[in-house]
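Per the working numbering, the sequence shown starts with residue 13, numbered consecutively. By construction, the Cβ of each residue, glycine as well, lies at the ideal position given by its N, Cα and C atoms. Note that the coordinates shown come from a computational prediction; the quantities given were computed from them, not determined experimentally. Presented below is the structure to which this report refers.
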Amino acid sequence: MPKNLTPQDHVEGVLSHNRQVTARTITLIESALPEHRRMAQTIINDLIPHAGKAIRVGVSGVPGVGKSTFIESLGMLLVEKGYQVAVLAVDPSSSRSGGSILGDKTRMEKLSLHPNAFIRPSPSSGTLGGVAQRTRETMVVCEAAGYDVMLVETVGVGQSETAVASMVDLFLVLMLAGAGDDLQGIKKGILEIADIIAINKADGDNIERAKAAKKDYETALSLMNPETPTWSVPVLTCSAMTMDGIEDVWNCILDHREKFTASGELAEIRRRQDVDWMRSLVEQELKDRFFNNPQVKQRWPEMVRAVEKGNISPTIAAETLLSLGR
Ligand SMILES: Nc1nc2c(ncn2[C@@H]2O[C@H](COP(=O)(O)OP(=O)(O)O)[C@@H](O)[C@H]2O)c(=O)[nH]1
Ligand SMILES: [Mg+2]
């Protein structure tokens with residue numbers, strides 16, 4: 013493999029499902045170097061017409077609920093059915109912590125060795141916005157390379173759910189049994205973005221509790237207004253460990269896809285997401301331009317000190333900086 017690939021090499025390699033080139037293209041996308049960014053944009057523009065056919069599923073839930081194990085199990089089921097599966101992750105903390113996903117990758121032992129699967133850890137570009145952007149672009153690359161199911165794991169905390177929800181067709185939330193007493197707490201927010209809920213670890217002694225939790229969640233959901241007449245959020249139980257119920261979750265995903273395709277909502281969701289994507293690109297670029305402006309860079313520390321000392325009001329300082337960065 014030559015050391016430097018031209019944009020054309022990248023595009024052709026990805027379209028011919030060349031695994032190594034696909035991986036290198038994603039590495040290029042994750043690079044922060046301006047010349048890499050420019051090249052990546054050219055490549056993505058060429059690949060976008062070849063993307064868009066995959067089923068895009070976000071997988072969320074609190075740490076330890078079994079997301080990675082679930083993805084390994086579902087992924088294996090799918091590759092055995094003949095699907096090409098790409099697994100991505102959005103974990104903005106991975107740049108700080110060195111990445112929990114490294115452990116995940118070793119855990120997805122079988123799937124990562126399968127020729128029809130492609131596993132890519134979270135980009136570690138720092139901000140959630142940056143990570144989300146890279147993941148969107150990576151999704152284009154994977155789809156253009158012929159992967160037809162995208163499974164996007166998100167760390168079950170903070171804003172990363174919302175970011176992932178804005179790039180997938182369907183949001184699957186894994187839950188644990190025995191958390192029924194704080195249903196109205198933290199999980200209410202997550203119930204609002206869930207399209208399917210699966211109570212995981214429904215195995216061994218836990219089966220009865222999982223069934224009870226399923227009832228609790230169904231009750232909680234019945235009190236919420238459905239977002240669309242096309243779909244009421246189903247609650248399933250499964251075990252990522254024994255594979256029980258995993259196929260049911262997949263059938264549910266297919267059912268959702270069929271209904272949302274027929275109603276036109278899938279196309280609508282994706283159009284809306286494209287607009288979101290455009291908006292966040294513009295916002296990111298404006299920010300970058302501002303903070304990379306030499307005059308802004310030069311005056312920034314002085315303004316920070318002045319505001320800290322109370323010598324200048326934050327509003328005046330901001331105005332001054334913004335007028336430089338124009
Ligand atoms: N009993 C049982 N354990 C599970 C199941 N799924 C995952 N686990 C275990 O739960 C722990 C956390 O799983 P992991 O997939 O890393 O969770 P994540 O943090 O959500 O990605 C691991 O020790 C898994 O072996 C399941 O369905 N049943
Ligand atoms: Mg995990």
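For Leu184, the residue or residues it bridges with in DSSP: Taking the first residue of the sequence shown as 1, we reach residue 184 at position 172. Val71 and Ile208, per the DSSP bridge assignment.
Distance between Asp103 and Gly64 (C-alpha atoms, nearest Å): Residue numbering aside, residue 64 sits at position 52 when the sequence shown is read from its first letter. Residue numbering aside, residue 103 sits at position 91 when the sequence shown is read from its first letter. Their backbone Cα atoms lie some 23 Å apart in a straight line.
DSSP beta-bridge partners of Ile11: There is simply no residue 11 to check, as the chain begins at 13 and stops at 338 in what is shown.
Leu59 beta carbon less than 8 Å from that of Val152: In the sequence shown, residue 152 corresponds to position 140, counting from 1. In the sequence shown, residue 59 corresponds to position 47, counting from 1. It is a contact, given that the beta carbons lie within the stated cut-off.
Buried versus exposed call for Ala279 [16 or more other C-beta atoms within 10 Å across all chains shown]: Translated into the one-based positions of the sequence shown, residue 279 becomes position 267. Using a 10 angstroms sphere on the CB of Ala279, the tally of other CB atoms stays under 16, which defines it as exposed.
Secondary structure of Leu248, DSSP reduced to three states: One-based indexing of the sequence shown puts residue 248 at position 236. In this structure, Leu248 counts as strand in the three-state DSSP scheme.
Stretch-stretch touch, CB-based, cutoff 8 Å, three pairs: the region 287 to 300 with the region 225 to 243: Result no; under three Cβ-Cβ pairs closer than 8 Å.
Inter-stretch contact (C-beta, 8 Å, three-pair minimum) for the region 260 to 271 and the region 200 to 213: Touching, yes, given that three or more Cβ pairs across the two stretches are closer than 8 Å.
Where the alpha helix (DSSP H) containing Thr147 begins and where it ends: Reading the sequence shown from its first residue, position 135 is the one you call residue 147. It spans Leu140 to Ala156 - the alpha helix (DSSP H) in which Thr147 sits, taken as one unbroken run.
Val77 CB to nearest heavy atom of ligand 1 below 7 Å: For the purposes of this step, residue 77 is taken as the residue at position 65 of the sequence shown. Yes - ligand 1 has a heavy atom lying nearer than 7 Å to the Cβ of Val77.
Contact check, Ala101 vs Pro75, beta carbons under 8 Å: Stepping through the sequence shown from its first residue, residue 101 is reached at position 89. Stepping through the sequence shown from its first residue, residue 75 is reached at position 63. Note that the C-beta distance between Ala101 and Pro75 is not below 8 Å.
Buried/exposed call for Glu149, threshold 16 Cβ in 10 Å: Within the sequence shown, residue 149 is the residue found at index 137, counting from 1. Of the residues assessed, Glu149 falls on the buried side of the cut-off, its CB having 16 or more other CB atoms within 10 angstroms.
Straight-line gap, Pro313 to Arg338 (C-alpha atoms, nearest Å): Within the sequence shown, the letter at position 301 stands for residue 313. Within the sequence shown, the letter at position 326 stands for residue 338. Answer to the nearest angstrom: the Cα atoms are 18 Å apart.
beta-carbon Ser80 near ligand 4 non-hydrogen atom, thresh 7 Å: Because ligand 4 does not appear in the structure shown, any question about it cannot be addressed here, the ligands present being ligand 1 and ligand 2.
Touch test, the region 66 to 84 against the region 159 to 173, Cβ-Cβ under 8 Å, three pairs minimum: Yes, they touch.
C-beta contact flag for Leu233 and Leu203 at 8 Å: In the sequence shown, the residue the question calls residue 233 occupies position 221. In the sequence shown, the residue the question calls residue 203 occupies position 191. Yes, these two residues count as a Cβ contact at 8 Å.
beta-carbon Met187 near ligand 1 non-hydrogen atom, thresh 7 Å: Against the sequence shown, residue 187 aligns to sequence position 175. Distances between the C-beta of Met187 and the heavy atoms of ligand 1 are all 7 Å or more.
Integer Cβ distance of Ala129 from Val99, believed to fall under 8 Å: Residue numbering aside, residue 129 sits at position 117 when the sequence shown is read from its first letter. Residue numbering aside, residue 99 sits at position 87 when the sequence shown is read from its first letter. Taking a contact as a CB-CB distance under 8 Å, the pair Ala129 and Val99 counts as one, their CB atoms being some 7 Å apart.
Segment limits, beta strand (DSSP E) that includes Thr166: Residue numbering aside, residue 166 sits at position 154 when the sequence shown is read from its first letter. For Thr166, the enclosing beta strand (DSSP E) covers residues Val161 to Thr166.
Thr18 (DSSP reduced to helix, strand or coil): Here residue 18 refers to the residue found at position 6 when the sequence shown is read from its first residue. If DSSP states are grouped into helix, strand and coil, Thr18 belongs with coil.
Beta-carbon gap between Gly25 and Thr39 smaller than 8 Å: Start at 1 with the first residue of the sequence shown, and residue 25 comes out as number 13. Start at 1 with the first residue of the sequence shown, and residue 39 comes out as number 27. Not closer than 8 Å, so no.
C-beta atoms of Leu188 and Val77 nearer than 8 Å: As a position in the sequence shown, residue 188 is number 176, starting the count at 1. As a position in the sequence shown, residue 77 is number 65, starting the count at 1. Going by C-beta atoms, Leu188 is nearer than 8 Å to Val77.
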